[in-house]
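Below is one structure, written out as structure tokens, with a few remarks after it.
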Ligand SMILES: Cc1cc2nc3c(=O)[nH]c(=O)nc-3n(C[C@H](O)[C@H](O)[C@H](O)COP(=O)(O)OP(=O)(O)OC[C@H]3O[C@@H](n4cnc5c(N)ncnc54)[C@H](O)[C@@H]3O)c2cc1C
Ligand code: SF4
Ligand code: FES
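Here it is in structure tokens:
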């Protein structure tokens, strides 16, 4: 880019920061917090760009860069995430870590950065965790059982706009795992209920609704996620503002399955 | 010697080719499908839909992606919508019109028969997605809603708020998850394909690296599908996700698959401008904003006043001025080029590389609430990134690399020049010519995966006598050795420059010389500097860590190494294509008014490059494009 050679970092202010970061070589070794100093962090940078900068610095110093997951960097793929000063995805409301910007911090701040912590999310390295358990929950029933082809015309079944909107509200979950990380019980209720609610709000999802709820809840329990005791931390940290009322709906679907 | 490329387009009238081809295709009976194994690399829209469909049909499928879940593929980021010729609006849409718009939008550089098939199956896609529970936007009567997109005069775009790609991918992902649960698909996440294995001239497997443990592994099959997305990240800064790469298709190219039209790149006009040297990606602001936003810059050079202090008379609404008929809604390539032009004249705003997208007039006309209803999520995203309020001050935007029309060459069956290797989605070159219309990539990915490949792969497997091959075959050992050698080489150089630094440097060359305006001099300079940078890379790269562990530096280094070869082919293709068409603008080839000037006599063809053993020394083969159903005209939007 032409401006890349020009004034670096636009109109941002520069920060000097102390970072306390969880370092863990792999799932078998024990981890620990390490401290790093970093200067010249523009307030225009995203949080992950700050970590990129730190990594370039660490490599130059002959140290191992910090591993962290990310891909889209625009808040939609659900790949990124870490506990920042104790908050899942950092200080900003309804914002993923990749969309968090350094202007939310001040010069001289100390920032602690740790991975999601939950039995069902073992650490792979540093800030990267294994979320295969989320895959298993979806595989256990998070779908409508249709094959490819032979489906009716898309407008054959009208769906009230309100129902479609409710389904869409729940379907926005990005599967990041922040809800689990923030929950004192490491419960996956918010994530699971979002999928159940998305499908239960649509006529196409009706046929399997009770079986789906039963299967997904069973998978969730077997995978080592905890129970919901109504702390509400999940809703508070969710970057997509998924609501706890989905959990209530899931419980109704589940009891329907038991009847 | 140039190879003759056979597109295998079936004979007969355009509208009957696909039906006829399906009827004539060989079938594999359901009981026998279990005996065939298929590898699907990539599980974005194209790959997830293909893997789910093939698994559902009964084939033994192994699927791969480098993220920790198929749900995270780059397709998830698509915002605006998906086209389909449903004609639910009764506004004159039809399969033929969608076909025509796509061919014209692509500046007459795509294959007619493929595009027509795309338009035909587009209607089935929407049915399929609704059955899976994709929550498309609806009207109060409960029927599906539509919006309009650039390059079309009808309203045929289906959408799910500003997250259409997410919802479509989650639909395909749910179908794939079901097939995984039924044991029809074996899913390998956090696994990267590093090479292709060809046995007796046919694609029979891949070599992968497990990104968690570093283990290099062999996988054999009867057919291989590459659904690995586009290569926009050769420019370093783009709207693509960080992991998007050319590795899978490039390695296949080096094993014999022809690479088609590498220089065709789409540069999207409305993205948030670059803010500094440490920026890692650019963010798209949907095309739909141009419905209500007016694009302008100050009339005077170097005018540093705030937007609100510049009086009407001193503003230049350059798109409205130059293209009165289409105004702010000219196609993407034209909007991008004009923004660059005014910035090059010194009239850019902000840091100099930006123009205003101003909603003041629309807000005054329809009210802030209506604008919030239409674009709320985009305005929020803009505010999050820039800390400015676009309801009060105009947005600043600048073009950015967004999509790549080029890709591996495929015939009508989506089969590459290596038998048994099929290529789907953005990874192939097939349907968009030199410029893609908005909302057509999602359509193509799902068309390929749900409705085209399942037939054409059946035809291949049913009609070919394949010897049994296992991963113990010597060919697998040889390719595995190549992969290990390469990985070890990257780690052993221990130079001074990081993979990120090399990637940025390559990106600058690509953007400056192969970006929105390309010249002979610039391209020649790129052709000199890219090999030099590659040479430096292989002597001075610093990759920390080890092969047998989770190593993100090693991942990036491998991808940058391939971009450094690919970039050269890109520049070469752009240099040889002595015309301007769609997203490819050669400054030497423009009309008196500065518009793109095609040369149909000499360039109405696909350029398909063949690896000959050395980077930059590829042979250029040609597939002549035959237009029997549309008339080639110069695009005009005045
Ligand atoms: C910001 C943005 C907005 C867009 N909006 C729209 C829109 O509104 N409408 C529209 O039609 N199009 C849009 N597009 C374009 C469209 O999203 C993409 O072209 C399309 O989704 C590509 O799908 P795909 O399945 O081909 O590839 P991708 O979704 O990119 O998937 C690639 C897959 O391949 C895997 N992969 C890649 N390399 C390897 C490897 N070496 N080994 C193993 N796995 C590998 C990845 O893990 C991933 O699973 C947009 C694009 C962007 C960037
Ligand atoms: S419910 Fe929210 S926090 Fe939990 S996985 Fe989904 S998006 Fe993330
Ligand atoms: S990197 Fe995709 S959501 Fe953050």
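Protein chains in written order, with this note's numbering: chain A, 4 to 262; chain B, 4 to 641. Backbone N, C-alpha and C define an ideal beta-carbon position, used for all residues, glycine too.
Asked, Found
"Contacting residues, own chain, Cβ-Cβ under 8 Å from residue 3(B) (five flanking each side not counted)", "This structure cannot settle anything about residue 3(B), because the visible part of chain B is limited to 4 through 641."
"Closest by C-alpha distance to residue 316(B), when choosing among 328(B), 303(B), 447(B)", "303(B)"
"Distance, residue 119(B) Cα to residue 18(B) Cα", "7 Å"
"Any non-hydrogen atom of ligand 1 within 7 Å of residue 175(A) CB", "no"
"Closer than 7 Å: residue 82(A) CB and nearest ligand 3 heavy atom", "yes"
"Whole-number beta carbon distance between residue 608(B) and residue 637(B), since they are thought to touch under 8 Å", "Actually they do not touch by this definition, with Cβ atoms about 18 Å apart."
"is_contact[residue 257(A), chain B] using C-beta, thresh 8 Å", "no"
"Beta carbon proximity, residue 237(A) to chain B, threshold 8 Å", "no"
"Sub-8 Å separation of residue 402(B) and residue 339(B) beta-carbons", "yes"
"CB contact check: residue 501(B) to chain A, cutoff 8 Å", "yes"
"Short Cβ contact (8 Å threshold) for residue 404(B) with residue 262(B)", "no"
"Proximity below 8 Å, CB of residue 64(B) to CB of residue 188(B)", "yes"
"Neighbour list for residue 134(A) in chain B, Cβ cutoff strictly below 9 Å", "71, 72"
"The stretch 206 to 215 of chain B / the stretch 73 to 83 of chain B touching (three or more Cβ pairs under 8 Å)", "no"
"Short CB-CB distance (under 8 Å) between residue 241(A) and chain B", "no"
"Residue 168(A) (DSSP reduced to helix, strand or coil)", "helix"
"Where residue 6(A) sits in the DSSP three-state scheme", "No answer about residue 6(A) holds up, because its pLDDT of 31 lies below 50 and its placement is not dependable."
"Chain A contact residues for residue 590(B), given Cβ-Cβ distances below 7 Å", "Result: empty, since nearest Cβ-Cβ is about 16 Å, beyond 7 Å."
"Simplified DSSP state of residue 313(B), which is helix, strand or coil", "coil"
"Positions along the stretch 517 to 548 of chain B whose CB lies within less than 8 Å of some CB in chain A", "545, 547, 548"
"Proximity below 8 Å, CB of residue 526(B) to CB of residue 577(B)", "yes"
"Helix, strand or coil at residue 27(A) [DSSP, three-state]", "coil"
"Chain A contact residues for residue 286(B), given Cβ-Cβ distances below 9 Å", "76, 77"
"Min CB distance residue 209(A) to chain B below 8 Å", "no"
"Chain B within 8 Å of residue 98(A), Cβ atoms only", "yes"
"Beta carbon of residue 161(A) nearer than 8 Å to that of residue 145(B)", "yes"
"Test: residue 181(A) CB closer than 8 Å to a CB of chain B", "no"
"Extent of the continuous alpha helix (DSSP H) to which residue 127(B) belongs", "115 to 135"
"Backbone CA spacing between residue 396(B) and residue 381(B) [nearest angstrom]", "15 Å"
"Residue 69(B) CB to nearest heavy atom of ligand 1 below 7 Å", "yes"
"Simplified DSSP state of residue 12(A), which is helix, strand or coil", "The pLDDT assigned to residue 12(A) is 39, lower than 50, so where the model puts this residue is not dependable; a value taken from the coordinates is nonetheless given after this. Residue 12(A): coil per DSSP, three-state reduction."
"Rounded Cβ spacing between residue 697(B) and residue 571(B) (contact assumed at less than 8 Å)", "The structure shown has nothing for residue 697(B), since chain B only spans 4 to 641."
"Chain B contact for residue 5(A) (CB, 8 Å cutoff)", "Its pLDDT being 31, under 50, residue 5(A) is placed unreliably in this model, and the value from its coordinates should be taken loosely. True, the Cβ-Cβ gap to chain B drops below 8 Å."
"Whether residue 98(A) touches residue 453(B) by CB criterion (8 Å)", "no"
"Cβ pair count under 8 Å reaching 3, the stretch 97 to 105 of chain B against the stretch 164 to 174 of chain A", "no"
"Residue interval of the beta strand (DSSP E) (run including residue 517(B))", "Here residue 517(B) belongs to no beta strand (DSSP E); instead the alpha helix (DSSP H) covers 502 to 517."
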